[in-house]
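Novice: Taking this note's numbering, I'd label the letters of the sequence shown as residues 394 to 684. We put the beta carbon where it would ideally sit given N, CA and C, even for glycine.
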Amino acid sequence: MALDGSFDHNLSRKAMKAELLDAETELALAYAWRDNRDEQALHRLIKAYMRLAISMAAKFKRYGAPMNDLIQEASLGLMKAADKFDPDRGVRFSTYAVWWIKASIQDYVMRNWSMVRTGSTSSQKSLFFNMRRVQARLEREAAAVGETLERHELHKRIAVEIGVPLADVEMMEGRLSGSDFSLNATQSTDEDGREWIDALEDDCEQASEYVENNHDNETLRQWLSQALAGLNERERFIVRERKLREEARTLESLGIELGLSKERVRQLEAAAFNKMRKALEGQNREIRVFL
394 MALDGSFDHN LSRKAMKAEL LDAETELALA YAWRDNRDEQ ALHRLIKAYM RLAISMAAKF
454 KRYGAPMNDL IQEASLGLMK AADKFDPDRG VRFSTYAVWW IKASIQDYVM RNWSMVRTGS
514 TSSQKSLFFN MRRVQARLER EAAAVGETLE RHELHKRIAV EIGVPLADVE MMEGRLSGSD
574 FSLNATQSTD EDGREWIDAL EDDCEQASEY VENNHDNETL RQWLSQALAG LNERERFIVR
634 ERKLREEART LESLGIELGL SKERVRQLEA AAFNKMRKAL EGQNREIRVF L
């Protein structure tokens, strides 16, 4: 391959001059690689079908990828096919390799079509490579009978034709409608025009929200302090140990320290919470929002 990214025609010429394998020779090479890991047999098998990889790569040039990159991906698919081919199944290697080559090229095209992931599911992949062709055919058929397809109706027919959800068709329409552009591009032709990135909403907490949250938290802390002050010493101790520590203590450990049963500690805790709730509700009706 050419180092500058241009298509190396010598590679194509060499592939076209490679030997044509008959079924018996192909089978023998496949067995030699599978059973004995014979690298010479593998190299001969791949070299013979490199013309198939190049031919399939050429069909994807319309997606804008460099031809050398497409051939490289096709070669990877061909090697995967050779490694996984089972000669006992009675299928010609070329028939089997077509699927691996195509899958490898398609994955490459979709990965590099956009900085945003275009799709990963089988339905999205099918849409990416077939939607425009199916859409053009449906529009021609409708025009032939004098019918004008609205956008939504066209999308519905595409979904039925390809066998995918309507939502995927609408999503892919948006992805294929235009290429990526920089967020630092200006919104107008003026040099001082605002960049698109300036129009994005800031995900950070706004100043007004920060002030409101701080005010609410401070108010809540004051209410809780006043509610705790209304408890007796033993109740405050239980609440602190059960709810205000990083690691809450168990009812059993508190019972041992206070000389009470586990059930009695639970009852005191429930009574303390009930007192706090009544005290908080008496402070302000807005506290019901927090409770």
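Could you please give the first and the last residue of the uninterrupted alpha helix (DSSP H) stretch that includes ARG526?
Specialist: It spans 515-537 - the alpha helix (DSSP H) in which ARG526 sits, taken as one unbroken run.
Novice: Give the straight-line distance between the Cα atoms of ASP573 and ASN505, rounded to the nearest whole angstrom.
Specialist: Note on ASP573: pLDDT 47, under 50, position unreliable in the model; the coordinate value appears next. Approximately 11 Å between the Cα atoms of the pair.
Novice: MET409: buried (16+ other C-beta within 10 angstroms of its C-beta) or exposed?
Specialist: Looking at its Cβ environment, which holds fewer than 16 other Cβ atoms inside 10 Å, MET409 is exposed.
Novice: Tell me whether the beta-carbon of TRP426 lies closer than 7 Å to the beta-carbon of LEU414.
Specialist: Not a contact, by the Cβ cut-off of 7 Å.
Novice: Counting pairs of beta carbons, one from the segment 466-475 and one from the segment 490-504, are three or more of them closer than 8 Å?
Specialist: Cβ pair count under 8 Å is three or more, so yes.
Novice: Quick check: the segment 625-640 against the segment 658-671, are at least 3 beta-carbon pairs closer than 8 Å?
Specialist: In short, these stretches touch, since the Cβ pair count reaches three.
Novice: On the three-state DSSP scale, how would you describe ALA641?
Specialist: If DSSP states are grouped into helix, strand and coil, ALA641 belongs with coil.
Novice: Quick check: the Cα distance between LEU547 and SER515, rounded to an integer number of angstroms?
Specialist: If you take the alpha carbons of LEU547 and SER515, they lie about 21 Å apart.
Novice: Alpha carbon to alpha carbon, what distance is there between ASN625 and GLU605?
Specialist: Those two C-alpha atoms are separated by around 33 Å.
Novice: Please report how far the alpha carbon of LEU438 lies from the alpha carbon of ALA423, in whole angstroms.
Specialist: For LEU438 and ALA423, the distance between alpha carbons rounds to 8 Å.
Novice: Please state the DSSP three-state secondary structure of LYS671.
Specialist: In this structure, LYS671 counts as helix in the three-state DSSP scheme.
Novice: Beta carbon of VAL658, beta carbon of LEU637: below 7 Å?
Specialist: Result no, Cβ atoms of VAL658 and LEU637 do not sit closer than 7 Å.
Novice: When the Cα of GLU432 is compared with those of GLY556, ALA446 and ALA475, which residue comes out closest?
Specialist: The shortest Cα separation from GLU432 among GLY556, ALA446 and ALA475 belongs to ALA475.
Novice: Suppose you measure from the CA of ASN607 to the CA of TRP616; what does that come to, to the nearest Å?
Specialist: Their Cα atoms are separated by approximately 14 Å.
Novice: Taking a contact to mean a Cβ-Cβ separation below 7 Å, would you say ILE494 touches ALA458 in this structure?
Specialist: It is not a contact, given that the beta carbons lie outside the stated cut-off.
Novice: Give the secondary structure of SER654 by DSSP, where H, G and I count as helix, E and B as strand, and everything else as coil.
Specialist: Here SER654 sits in coil by DSSP.
Novice: Report the residue ranges of all alpha helix (DSSP H) runs contained in full by the segment 423-506; include only those spanning at least 4 residues, in chain order.
Specialist: Runs of the alpha helix (DSSP H) inside the segment 423-506: 432-441, 443-451, 460-477 and 486-506.
Novice: Does the separation of the CB atoms of VAL538 and ILE551 fall below 7 Å?
Specialist: Contact: no.
Novice: Output the boundary residues of the alpha helix (DSSP H) element that contains GLU691.
Specialist: One cannot answer for residue 691 here, as it falls past the ends of the chain, which runs 394 to 684.
Novice: From the DSSP output, in three-state form, read off ALA411 for me.
Specialist: Looking at ALA411 - three-state DSSP - the assignment turns out to be coil, as it is neither helix nor strand.
Novice: If I measure Cβ to Cβ from LYS454 and keep anything under 8 Å in the same chain, skipping five residues before and after, which residues do I get?
Specialist: Around LYS454: MET460 and LEU463.
Novice: Around the Cβ of GLY470, are there at least 16 other Cβ atoms within 10 angstroms (buried) or fewer (exposed)?
Specialist: Answer is buried; the Cβ neighbour count reaches 16.
Novice: For LEU559, count neighbouring Cβ atoms within 10 angstroms of its own Cβ and tell me buried if that reaches 16, exposed if not.
Specialist: Exposed, by the Cβ-count rule.
Novice: Should TYR442 go down as buried or exposed, given a rule of 16 or more other Cβ atoms within 10 Å for buried?
Specialist: Classification for TYR442: buried.
Novice: Under a Cβ-count criterion, where at least 16 other Cβ atoms within 10 Å of its own Cβ denotes burial, should LYS671 be classed as buried or exposed?
Specialist: It counts as exposed.
Novice: When DSSP labels each residue in this structure, what does GLY648 get in the three-state scheme?
Specialist: Of the three classes helix, strand and coil, the one that applies to GLY648 here is helix, per DSSP.
Novice: What residue range is occupied by the uninterrupted alpha helix (DSSP H) comprising GLU626?
Specialist: Run containing GLU626: 626-636, per the alpha helix (DSSP H) assignment.
Novice: State buried or exposed for LYS518, treating a residue as buried only when at least 16 other CB atoms are found within 10 Å of its CB.
Specialist: Under this definition LYS518 is a buried residue.
Novice: Go through its chain and collect everything with a Cβ distance to ASP641's Cβ below 6 Å, but skip five positions before and after it.
Specialist: It is Ala, not Asp, that sits at residue 641 in the sequence shown. So the qualifying residues of the chain are ARG635.
Novice: How long is the line joining the alpha carbons of THR541 and GLU534, rounded to whole angstroms?
Specialist: Approximately 10 Å between the Cα atoms of the pair.
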